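What follows is one structure encoded as structure tokens, with my remarks underneath.
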Amino acid sequence: MALNDADFGDKNSGLRSFDAFPKTRKTYKISSSRGGVLTILLSLLSIYLIYYELNHHLDGAETQSFLVEHAVGHYMQINLDITVAMPCEALHINVQDAALDHILAGDILTKDPTSFDDTNAHRLVHLPGREEHVYDILGKARKSKFGKTSRKPFAFLRKLDTGSCRIYGSMNVNKVQGDFHITAAGHGYAGAHIDHSTFNFSHVVNELSFGEYYPKLVNPLDDVAAVTEHNFFKFQYYLSVVPTNYYSENSGRLLRTNQYAVTEHSREVSPYQVPGVFFKFDIEPLSLTIRERRMSFTRFLVRVVNIVGGVMVGGNWAMRLVETIVGCWGKRKRTMDGVIGGGGGYSSEKRI
């Protein structure tokens, strides 16, 4: 008698016994609107969690630590972009430090006539009774929305000369306590005096930073405006500059820069005093080191797979739990209805 392959069974029957993924025939599957709604919700939840994980992967993780500043730097870069409501020829810009070195910043920085506009700026808010240490303020730094202010003047502002001056550029100063100020020409220094009625030191600080730019650096005076109606008014900003080192463990790059905290004390002064805008900066003896590390792309993919798998498994369990509760409740309700309507109570007919 001839034999064929069908008499020996399925050739893959041995492998089927090791199948860890059970299969269900389509005829035994039931699709419901409740299951469809749950699938949509789980998909949206998975997308949200993946988006959150992607942002976390791109931003990386940071650790901050403070150390005593042992290294003594010779120079520090100041980046300035400020608009003062006075003509450029009426302003004097100077830097003086604790070493008694003077820098004629007006010869280094660029000055362009422009219009005074503070519509996109905000006021520097300082609430009394809520003093914070400089390191507490710096520890709250977050990623800024915009990058560094352009060093080039705005073309449309250059055409509008309404008596204001935009001062911008970078300069190197000694890394010691110092004073950077903008005053009226001839006041406080030798030179021809200008009419006191033209004094107006209202200003908008587009940018004030120390050192190289870093995208997560927050400068408290960026986009800050201060306006006065008095001719003799003195704006004073006290800056606590903290040397900051950013180190990326992935690229091995080290960036040395600075960040600062600021307090303000401004007031009207007498005609015998010097009005203007004064920035007094002091170098803190401690440095802040920020280490940035980003997880590998392989680890990111593993976390994404875990998110999707966890959401789907959890949703399946939740669906089964809901179905079990609904089934038990329906069974109990049918039992109670049967007891009440099936003669379980007393009959009104007389027994014979």
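Heads up: the sequence shown runs through residues -16 to 335, numbered per the numbering used here. Note that beta-carbon positions come from the ideal geometry of N, C-alpha and C, so glycine has one too. Note that this is a predicted model, so its numbers are computed, not measured.
Secondary structure in the segment 57 to 118: the alpha helix (DSSP H) runs of 4 residues or longer, each lying completely within the stretch, are 88 to 91 in chain order. For the options Ser26, Leu37, Leu21, Asn103, the alpha carbon positioned closest to that of Ser279 is the one of Leu37. Taking C-beta atoms as the reference points, Thr166 and His75 count as a pair closer than 9 Å. Under the three-state reduction of DSSP output, Glu52 falls in the coil class, being neither helix nor strand. Inter-residue distance for Ser249 and His57 is about 31 Å (C-alpha atoms, whole angstroms).
The alpha-carbon of Ala44 is positioned some 19 Å away from that of Tyr196.
Here His105 is exposed. Its C-beta has fewer than 16 other C-beta atoms within 10 Å.
Here Asn233 carries a coil assignment [DSSP, helix/strand/coil].
Of Glu247, Tyr230, Leu304, Pro258, the smallest CA-CA separation from Ser223 is found for Glu247. For the 9 Å CB-CB criterion, Val78 and Ile61 form a contact. Residue pairing from DSSP leaves Asp205 without any beta-bridge partner. For Arg236, the closest of Tyr31, Gly89, Asn228 by C-alpha to C-alpha distance is Asn228. According to the DSSP secondary-structure assignment, Ile266 is paired through a beta bridge with Val224. Boundaries of the beta strand (DSSP E) around Phe193: 186 to 193. Assignment of beta-bridge partners to Val245 by DSSP yields Leu222.
Per DSSP, Phe163 is one residue of the beta strand (DSSP E) stretching across 161 to 167. Three or more beta-carbon pairs separated by less than 8 Å are not found between the segment 186 to 200 and the segment 281 to 295, which leaves the two stretches without contact.
Glu212 carries a coil assignment under DSSP once its states are collapsed to helix, strand and coil. In the three-state reduction of the DSSP assignment, Met302 falls in the helix class, which pools H, G and I. Across the structure, Leu107 and Leu25 are spaced so that their CA atoms are roughly 45 Å apart. The residues Asn214, Phe215, Pro254, in chain order, have a CB closer than 8 Å to that of His179 in the same chain once the five nearest residues on each side in sequence are set aside.
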